[in-house]
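Asks: Pasting in a structure now, in structure tokens, and then I'll have a few things to ask.
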Amino acid sequence: VNTWNENVWLAARGGGIGTYWGSVRGIGEPVGLNGKTSGIIPFVRVMDSLTLAISQGSLRRGSAAVYLDVSHPEIEEFLEIRKPSGDFNRKALNLHHGVLLTDAFMEAVRDGAEWDLLSPKDQSKRATVDARALFQKLVETRLATGEPYIVFNDTVNRNMPKHHRDVGLKVSTSNLCSEITLPTGRDQHGMDRTAVCCLSSLNLETWDEWHGEKSFIEDIMRFLDNVLQDYIDRAPDEMARAKYSAMRERSVGMGVMGFHSFLQMKGIGFESPMAKVWNLKMFKHISAKANEASMMLAEERGACPDAEEMGAMERFSCKMAIAPTASISIICGGTSACIEPIPANIYTHKTLSGSFVVKNPYLEKLLQSKSKDSVAVWNSILEKGGSVQHLDFLNQDEKDVYKTSFEIDQRWL
4 VNTWNENVWL
14 AARGGGIGTY
24 WGSVRGIGEP
34 VGLNGKTSGI
44 IPFVRVMDSL
54 TLAISQGSLR
64 RGSAAVYLDV
74 SHPEIEEFLE
84 IRKPSGDFNR
94 KALNLHHGVL
104 LTDAFMEAVR
114 DGAEWDLLSP
124 KDQSKRATVD
134 ARALFQKLVE
144 TRLATGEPYI
154 VFNDTVNRNM
164 PKHHRDVGLK
174 VSTSNLCSEI
184 TLPTGRDQHG
194 MDRTAVCCLS
204 SLNLETWDEW
214 HGEKSFIEDI
224 MRFLDNVLQD
234 YIDRAPDEMA
244 RAKYSAMRER
254 SVGMGVMGFH
264 SFLQMKGIGF
274 ESPMAKVWNL
284 KMFKHISAKA
294 NEASMMLAEE
304 RGACPDAEEM
314 GAMERFSCKM
324 AIAPTASISI
334 ICGGTSACIE
344 PIPANIYTHK
354 TLSGSFVVKN
364 PYLEKLLQSK
374 SKDSVAVWNS
384 ILEKGGSVQH
394 LDFLNQDEKD
404 VYKTSFEIDQ
414 RWL
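My numbering puts the first residue of the sequence shown at 4, with every later residue one more than the last.
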């Protein structure tokens, strides 16, 4: 009940929510003297209804994601909660969902082994499935609906900040869009944490304009620190667990957008060594500057309590998070979202405020240079799902630059 109340307050104030349901027993497990559990789906549907009921403003509704372990007895039904077919009473069409994959499960998939589904209550075996078949179902569902999110939680916990790992904190879930991996639950002081992270994104399409400015990333980290402090100062008591977590770890998430737009501006294909070179160059620079800013702000404003107690000079426990940027990419001139390849070179973008046609501006310039910027050419691209691979007046290098997400070899991604 406390979690639901907190989620209502967070959603009403504009927060994106992620909740973990792996501790709830699967359907049919014994409870009480003679009772049996109804499983997680009815509770997830309550969360679904709460997000529908909460408005974040005139256009936007509350948003939430639910997460479950791959070893949970109800994992197979959970995968399909967003599919608009089957028993409607077992669906949650307004939620996002994610699955937590362990190293042991991925090894079972690799080896073609069986996988035990375990009760969260006592870890007893409730069923056994083929690991590879379960993973295939997950991937096929993701291809059809875009979800569930995939979080490799063993990898996450191995790479969490040392001052969190050393006191036994654990990451068991993620947020609305799965870019945040912060500890939740009971901490070393016996207090409950609800993870909080303030986000902002750099525009890589304008890399040439800002990467040489020495204080650019420092200024963004300072801005995020101010936003986080404002939240801590003004958050109501109903968000006490979130406020406590924000105060203790001071995690922020600086991400990026416009990576594919940058590559296209430079005439570089996603499937190329030069794309990998730029990728490494950009993120080494951003990471180094973010770490410098964290230490500088720790000297200036003080280290966050979690780090200070472990002798670390860090203002922020976590500093970077590559969030999806569909909406803000539009605001920033229609640059490509996040680090993702573009889905099509021309498409109709539907938003709550209306629909409009989006053309790839760099492709448009290329067509203009070849005197091919005509309605007929654009219509042919539209008929091919946004692809330019059929245009015989483009050479192979140009076709490679303007490959869309489903045309790019996934191994390069």
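All C-beta atoms in this analysis are idealised placements derived from N, C-alpha and C, irrespective of residue type, glycine included.
1. Using 8 Å for Cβ pairs, my map puts G188 next to K165. What's the rounded Cβ distance?
2. Under 6 Å Cβ to Cβ from Q392, same chain only, skipping five residues before and after it: list those, please.
3. Would you decide whether L96 is buried or exposed? Buried here means 16 or more other CB atoms lie within 10 Å of its CB.
4. Can you list, in chain order, the stretches of the alpha helix (DSSP H) that have 4 or more residues and sit fully within the segment 71-152?
5. Could you please give me the residues that DSSP links to C361 through a beta bridge?
6. Can you give the Cα-Cα distance for I411 and A243, rounded to whole angstroms?
7. By Cβ distance, which residues of its chain are closer than 6 Å to L416, with the 5 residues on each side in sequence left out?
8. So, under 8 Å CB-CB, G21 and D72 are touching, yes? Tell me the CB distance rounded to an integer number of Å.
9. Measure the alpha-carbon distance for T389 versus V259 and round it to whole angstroms.
10. Go through its chain and collect everything with a Cβ distance to N294's Cβ below 8 Å, but skip five positions before and after it.
11. Please list the terminal residues of the continuous alpha helix (DSSP H) segment that includes Y234.
12. In the DSSP assignment, find the unbroken beta strand (DSSP E) run with N206 in it and report its ends.
13. Which stretch, first to last residue, makes up the alpha helix (DSSP H) that contains T54?
14. What separation, rounded to the nearest whole angstrom, lies between the Cα atoms of A56 and M50?
15. Given this structure, state the Cα-to-Cα distance separating E77 from V170, to the nearest angstrom.
16. Just list the residues that DSSP pairs R196 with in beta bridges.
17. Kindly indicate the opening and closing residues of the alpha helix (DSSP H) around I325.
18. Pick helix, strand or coil for A67, following the three-state DSSP scheme.
19. Could you give the distance in angstroms between the alpha-carbon of D114 and the alpha-carbon of A107?
20. Please confirm if the segment 278-287 is in contact with the segment 351-370, defined as three or more CB-CB distances below 8 Å between the two stretches.
21. For G101, which of A67, N92, A116 has the nearest alpha-carbon?
22. Does the structure place the segment 264-284 close enough to the segment 143-161 that three or more beta carbon pairs sit under 8 Å?
23. If you pair each beta-carbon of the segment 179-195 with each one of the segment 109-124, do three or more pairs fall below 8 Å?
24. Less than 6 Å between C-beta atoms, sequence neighbours within five positions excluded: which residues of the same chain meet that for Y23?
25. Mind checking whether S339 and H263 have CB atoms under 8 Å apart?
26. What residue does the alpha helix (DSSP H) around I384 start on, and which one ends it?
27. Measure the C-alpha to C-alpha separation of I333 and A347 and round it to an integer number of angstroms.
28. Using a Cβ distance threshold of 8 Å, determine whether the segment 216-236 contacts the segment 299-312, with at least three qualifying pairs required.
29. Please name the residue, chosen from G193, P186, A291, V280, that lies closest to R253 on a Cα-to-Cα basis.
30. Does the Cβ-Cβ distance between D309 and H167 come in under 8 Å?
31. Are the CB atoms of L205 and F265 nearer to each other than 8 Å?
32. Using three-state DSSP, classify Y405 as helix, strand or coil.
33. Less than 8 Å between the beta carbons of A130 and L120, yes or no?
34. Beta-carbon separation of Q267 and V404 under 8 Å?
Replies: On the basis of the supplied data:
1. Position 185 of the sequence shown, counted from the start, is the residue given in the question as residue 188. Position 162 of the sequence shown, counted from the start, is the residue given in the question as residue 165. Contact check for G188 and K165: beta-carbon distance about 19 Å, past the 8 Å limit, so the pair fails to qualify.
2. In the sequence shown, counting from the first residue as 1, residue 392 sits at position 389. If we look at Q392 and ignore the five residues flanking it on each side, its Cβ neighbours are K402.
3. Working through the sequence shown from its first residue, we reach residue 96 at position 93. When all chains shown are included, L96 counts as exposed.
4. Qualifying alpha helix (DSSP H) stretches, in chain order: 78-81, 106-114, 134-148.
5. Numbered from its first residue, the sequence shown carries residue 361 at position 358. Cys is not the amino acid found at residue 361; the sequence shown has Val there. Paired residue(s): Y350.
6. To locate residue 411, count along the sequence shown from 1; it is residue 408. To locate residue 243, count along the sequence shown from 1; it is residue 240. Using only the alpha carbons, I get a separation of about 45 Å.
7. Within the sequence shown, numbered from 1, the residue matching residue 416 stands at position 413. Cβ neighbours of L416 beyond the five flanking positions: none.
8. Working through the sequence shown from its first residue, we reach residue 21 at position 18. Working through the sequence shown from its first residue, we reach residue 72 at position 69. Rounded to whole angstroms, the Cβ separation of G21 and D72 is 14 Å, and the two are not in contact under 8 Å.
9. Numbered from 1 along the sequence shown, position 386 holds the residue referred to as residue 389. Numbered from 1 along the sequence shown, position 256 holds the residue referred to as residue 259. Looking at the sequence provided, one finds Gly at residue 389 rather than Thr. The straight-line gap from Cα to Cα measures roughly 24 Å.
10. For this step, residue 294 is matched to residue 291 along the sequence shown. Around N294: K322.
11. Position 231 of the sequence shown holds residue 234. For Y234, the enclosing alpha helix (DSSP H) has its first and last residue at 219-237.
12. As a first step, residue 206 must be located in the sequence shown, where it is residue number 203. For N206, the enclosing beta strand (DSSP E) has its first and last residue at 201-206.
13. Numbered from 1 along the sequence shown, position 51 holds the residue referred to as residue 54. Residues 44-56.
14. As a position in the sequence shown, residue 56 is number 53, starting the count at 1. As a position in the sequence shown, residue 50 is number 47, starting the count at 1. Taking the straight line from one Cα to the other gives about 10 Å.
15. Counting from one through the sequence shown, the residue named residue 77 turns up at place 74. Counting from one through the sequence shown, the residue named residue 170 turns up at place 167. Rounded to whole angstroms, E77 to V170 spans 32 Å at the Cα level.
16. Here the question's residue 196 lines up with position 193 in the sequence shown. Answer is G188.
17. Residue 325 sits at position 322 when you count from the first residue of the sequence shown. Per DSSP, I325 belongs to no alpha helix (DSSP H) and is neither H nor E.
18. Taking the sequence shown and counting its residues from 1, the one referred to as residue 67 is at position 64. A67 falls in the strand class under three-state DSSP.
19. The residue given as residue 114 occupies position 111 in the sequence shown. The residue given as residue 107 occupies position 104 in the sequence shown. One C-alpha to the other measures close to 10 Å.
20. no
21. As a position in the sequence shown, residue 101 is number 98, starting the count at 1. Of the listed residues, the one whose Cα sits closest to G101 is A67.
22. no
23. no
24. By one-based count along the sequence shown, residue 23 stands at place 20. Within the same chain, Y23 has close Cβ partners Y70, S175, T176.
25. Within the sequence shown, the letter at position 336 stands for residue 339. Within the sequence shown, the letter at position 260 stands for residue 263. In contact: S339 and H263 (Cβ atoms closer than 8 Å).
26. Numbered from 1 along the sequence shown, position 381 holds the residue referred to as residue 384. Looking at the DSSP string, the run of the alpha helix (DSSP H) that includes I384 is 378-386.
27. Residue 333 sits at position 330 when you count from the first residue of the sequence shown. Residue 347 sits at position 344 when you count from the first residue of the sequence shown. The straight-line gap from Cα to Cα measures roughly 15 Å.
28. Result yes; three or more Cβ-Cβ pairs closer than 8 Å.
29. Here residue 253 refers to the residue found at position 250 when the sequence shown is read from its first residue. Selected option, being the one with the closest Cα: P186.
30. The count along the sequence shown starts at 1 and reaches residue 309 at position 306. The count along the sequence shown starts at 1 and reaches residue 167 at position 164. Judged by their CB atoms, D309 and H167 are nearer to each other than the 8 Å cut-off.
31. What you label residue 205 is simply residue 202 of the sequence shown in a count that begins at 1. What you label residue 265 is simply residue 262 of the sequence shown in a count that begins at 1. Against a cut-off of 8 Å, the Cβ pair of F265 and L205 comes out as no contact.
32. Locating residue 405 in the sequence shown gives position 402, counting from the first residue. Coil at Y405, not helix or strand.
33. Sequence index remark: in the sequence shown, residue 130 carries index 127 (1-based). Sequence index remark: in the sequence shown, residue 120 carries index 117 (1-based). Contact: yes.
34. Counted from its first residue, the sequence shown places residue 267 at position 264. Counted from its first residue, the sequence shown places residue 404 at position 401. Their beta carbons are under 8 Å apart, which means Q267 touches V404 by this criterion.
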